[in-house]
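According to UniProt numbering, numbering within the sequence shown proceeds without interruption in unit steps and concludes at 233.
We put the beta carbon where it would ideally sit given N, CA and C, even for glycine.
Everything on this sheet refers to the single structure shown next.
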Amino acid sequence: MTGIDWLPTLRYLLLGAFPEGPLGGVALTLVLSVTSALLAALIGLAGGVALAMTRGVVHLALTAIVAFFRAIPVLMLIFWTFFLMPILLHIDVPGLATVVCALALIGGAYLSHSVYAGIESIGAGQRDAALSLGLTRWQALKEVVLPQAVRVMLPSFINQCVSLIKDTSLAYIVGVPEFTFLANQLNNRLMVYPAQIFLFVGFVYLLLCGALQWIANRLVGKRANAWDGRSHP
């Protein structure tokens, strides 16, 4: 392992060319993951509530849209957004923005289904009781149903965030210099340490996903304890 200055190499994998150049590597992977997860959560919450509040043709149309985005492979949607967004918007759209859009749409579709399932898991009797007290359907959803449904939804939200972290590795296909892209680039340049490079890549993804799962378990445990405390005074 002589002849290679590993400290600058590690820094390159973590930050890319930053600060002299654009941000990349693990840092860009985190930016992609967090931004996509936040947008997916907003889309998922809005979509799930819309599915729960609508009926008939509108509900069927929303269900079809959600099913469509859930069925599309991530790589294909990245290609679609990369080539179609500039045509539709008539402006140059950075590859980073198209990847965020694609990941947010797919993540939002999965989370819409999770939010809808969480809302439906709360007994209709509770909603009827809230309505009988004079609350509107929206007030009953916001004040009674959603606070309880969060416990059901949270594991799905965390699982989707973990999937988004892994799916950011597909951004290489449109030239976004995230972690996997730089690792491939480094391996092609060195040509002698593929095992070390990709073991490090796997370790970092394991660390990121494991840390997120640990945080999720802590949050779920705290919420469960708080719920049990309210249920058994």
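Opening and closing residue of the alpha helix (DSSP H) in which residue i lies
{"i": "residue 237", "result": "Lying before the first or after the last residue shown, residue 237 is absent from the chain, which here runs from 1 to 233."}
{"i": "Y172", "result": "Per DSSP, Y172 belongs to no alpha helix (DSSP H) and is neither H nor E."}
{"i": "T98", "result": "G95 to S121"}
{"i": "L32", "result": "G25 to M53"}
{"i": "H59", "result": "G56 to A71"}
{"i": "F83", "result": "V74 to L89"}
{"i": "D128", "result": "A124 to S132"}
{"i": "L13", "result": "W6 to L15"}
Member of the options whose CA lies at the smallest distance from the CA of residue i
{"i": "A211", "options": "F179, I165, A117 and L199", "result": "I165"}
{"i": "L206", "options": "Q185, F181, S163 and P8", "result": "S163"}
{"i": "D167", "options": "F203, A216 and V74", "result": "V74"}
{"i": "L10", "options": "P19, L208, V26 and T98", "result": "V26"}
{"i": "V201", "options": "T136, Q126, L14 and R151", "result": "L14"}
{"i": "S121", "options": "L131, L133 and L146", "result": "L146"}
{"i": "G47", "options": "E20, T63, A130 and S36", "result": "T63"}
{"i": "S36", "options": "V204, A124, L7 and V99", "result": "V99"}
{"i": "Q213", "options": "D128, E20, H59 and F157", "result": "F157"}
{"i": "R127", "options": "M53, G21 and L30", "result": "M53"}
{"i": "L96", "options": "F83, H90 and L88", "result": "F83"}
Contacting residues, own chain, Cβ-Cβ under 8 Å from residue i (five flanking each side not counted)
{"i": "P86", "result": "D92 and V93"}
{"i": "V31", "result": "L23"}
Residues near residue i in its chain [Cβ-Cβ closer than 6 Å; skip 5 each side]
{"i": "A102", "result": "L77, I78 and T81"}
{"i": "residue 236", "result": "Given a span of 1 to 233 for the chain in the structure shown, any question on residue 236 remains unanswerable."}
{"i": "S33", "result": "L164, I165 and T168"}
{"i": "L28", "result": "E178"}
Residue i versus residue j: straight-line alpha-carbon distance, rounded
{"i": "A171", "j": "R55", "result": "37 Å"}
{"i": "G175", "j": "A195", "result": "23 Å"}
{"i": "T2", "j": "V192", "result": "Interpretation of T2 is limited by its pLDDT of 48, a score under 50 that renders its predicted location unreliable; the figure taken from the coordinates is listed afterwards. Cα to Cα, T2 sits roughly 11 Å from V192."}
{"i": "S231", "j": "N159", "result": "Residue placement at S231 cannot be trusted, given a pLDDT of 47 that sits under 50; what the coordinates show is reported in the next sentence. S231 and N159: Cα-Cα distance of roughly 27 Å."}
{"i": "I197", "j": "I72", "result": "31 Å"}
{"i": "N217", "j": "L208", "result": "14 Å"}
{"i": "G125", "j": "L131", "result": "10 Å"}
{"i": "I134", "j": "V49", "result": "The sequence given here places Gly at residue 134; Ile does not occur at that position. Whole-angstrom Cα-Cα distance: 20 Å."}
Residues near residue i in its chain [Cβ-Cβ closer than 7 Å; skip 5 each side]
{"i": "M153", "result": "S114, V115 and G118"}
{"i": "N184", "result": "Y172"}
{"i": "A149", "result": "G118, I119, S121 and I122"}
Residue-chain proximity (residue i, chain C), Cβ-Cβ < 8 Å
{"i": "A129", "result": "This model lacks chain C altogether, as it is built from one protein chain only."}
_Validate contact between the region 166–179 and the region 139–147 using beta carbons, cut 8 Å, 3 pairs_ = The region 139–147 and the region 166–179 do not touch, with fewer than three beta-carbon pairs separated by less than 8 Å.
*Counting Cβ pairs closer than 8 Å, one from the region 107–126 and one from the region 42–60, do we hit at least three?*
A contact is defined here as three or more CB-CB pairs under 8 Å, and the region 107–126 meets this definition with respect to the region 42–60.
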